[in-house]
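Participant:
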Amino acid sequence: MTPQSATITLSGHKHRSIDTGGSNHPLLLLHGISCSLDIYEQVVPLLTGSFRVLAIDLLGFGMSDKPKRAPYSLKLYASLIREFLEQTDAVGCHAVGHSMGGKYALATALLYPGSFSRLVVSNTDGFTELPGWVRGISWPGIRQVLKKLMSSQKVASKAFASAFHAPERVNRSSFKKNLLMSRNRESIDTVMQLNRNYKQLDMAQTGLRSRLWELDIPILILWGDHDQYISPKVAAIAHRELPGSELFMFENCGHAPMLEYPRQFSEVVAGFLLNH
1145 MTPQSATITL SGHKHRSIDT GGSNHPLLLL HGISCSLDIY EQVVPLLTGS FRVLAIDLLG
1205 FGMSDKPKRA PYSLKLYASL IREFLEQTDA VGCHAVGHSM GGKYALATAL LYPGSFSRLV
1265 VSNTDGFTEL PGWVRGISWP GIRQVLKKLM SSQKVASKAF ASAFHAPERV NRSSFKKNLL
1325 MSRNRESIDT VMQLNRNYKQ LDMAQTGLRS RLWELDIPIL ILWGDHDQYI SPKVAAIAHR
1385 ELPGSELFMF ENCGHAPMLE YPRQFSEVVA GFLLNH
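So the sequence shown is numbered by my numbering: it starts at 1145 and just counts up by one.
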């Protein structure tokens, strides 16, 4: 169970966050698209013994503000993450970013050097061109279709379950909580805005992908060998483009190893962060 959350204001927008406190080195957890900090609720208790764990609902998701006309971009998210680190006295922390959150962590590390001392990216996009079907989500009329589909518990549950190789392995309470967050109607609007702004959120088109060689911090790449959202083949590309990175592949695992294998995920993350 995650600790009680608090509200922090970043650039005028309210964000939900957690901070376990303590004197250990801070560790920031960043979630992916259509998710919230709750995706880490099974691993926070396992990491708290070694780290001061912080997490945040990124702008547009979870219980954070969801401005309809925000200029969503890599620069915006990086600036908000940096502001969060400054307000919480966590600059120079370790960071874990999942899926979209991994891309935002990489952008933060490049645009604000010194933000992180070590970095873990899990099942992260940004190393291939955004698929056309993803950009198509922003087409006129799609929003109403998506909201209607996600209003169906059965359809939404099946779609969410596809993130896992073995959905039955996931803690039922966590499954239901994260499913509920993914069905938030305002978050669906955010997803559509992100896709409309895909050029500002693309590592290559913003010039950040060509700068990955600049990163000089220890980096661990995590992936599930049965990820249906972002192909495991992308892990090899990320490993090649992130200098000096290490790669760990979870067997019989889908897109969210922190939910399918929370204990192993925590052990791998802590082992890397504490020994590099």
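We treat Cβ as the ideally placed atom computed from N, Cα and C, and that holds for glycine.
Do the CB positions of LEU1126 and PHE1394 come within less than 8 Å of each other?
Facilitator: For residue 1126 there is no data in the structure shown, the boundaries of the chain being 1145 and 1420.
Participant: Tell me, please, which residues DSSP counts as bridged to TRP1367.
Facilitator: MET1393
Participant: Measure how close the beta-carbons of HIS1238 and SER1261 come, nearest whole angstrom, since I'm counting them as under 8 Å.
Facilitator: Right, the Cβ-Cβ distance comes to about 6 Å (below 8 Å), so this counts as a contact.
Participant: Tell me the rounded alpha-carbon separation between HIS1383 and HIS1242.
Facilitator: 15 Å
Participant: Ignore the nearest five residues each way along the sequence and tell me which others in ILE1177's own chain have a CB closer than 8 Å to its CB.
Facilitator: Around ILE1177: PHE1205, SER1243, MET1244, VAL1335, LEU1338.
Participant: Under 8 Å between C-beta atoms, does ASP1360 make it to chain D?
Facilitator: Here there is only one protein chain, and chain D is not present.
Participant: For MET1209 versus LYS1158, is the C-beta spacing smaller than 8 Å?
Facilitator: One point to set straight first is that residue 1209 is Asp, not Met, in the sequence displayed. Contact: yes.
Participant: In or out: LYS1302 buried (at least 16 other Cβ within 10 Å) or exposed?
Facilitator: exposed
Participant: Have a look at PRO1189, PRO1257, PRO1387, ALA1249 and flag the residue whose alpha-carbon is nearest the alpha-carbon of ASP1269.
Facilitator: ALA1249
Participant: Does the Cβ-Cβ distance between THR1164 and ARG1196 come in under 8 Å?
Facilitator: yes
Participant: For LEU1418, which residues in the same chain have their Cβ closer than 7 Å to its Cβ, ignoring the five residues on either side in sequence?
Facilitator: SER1194
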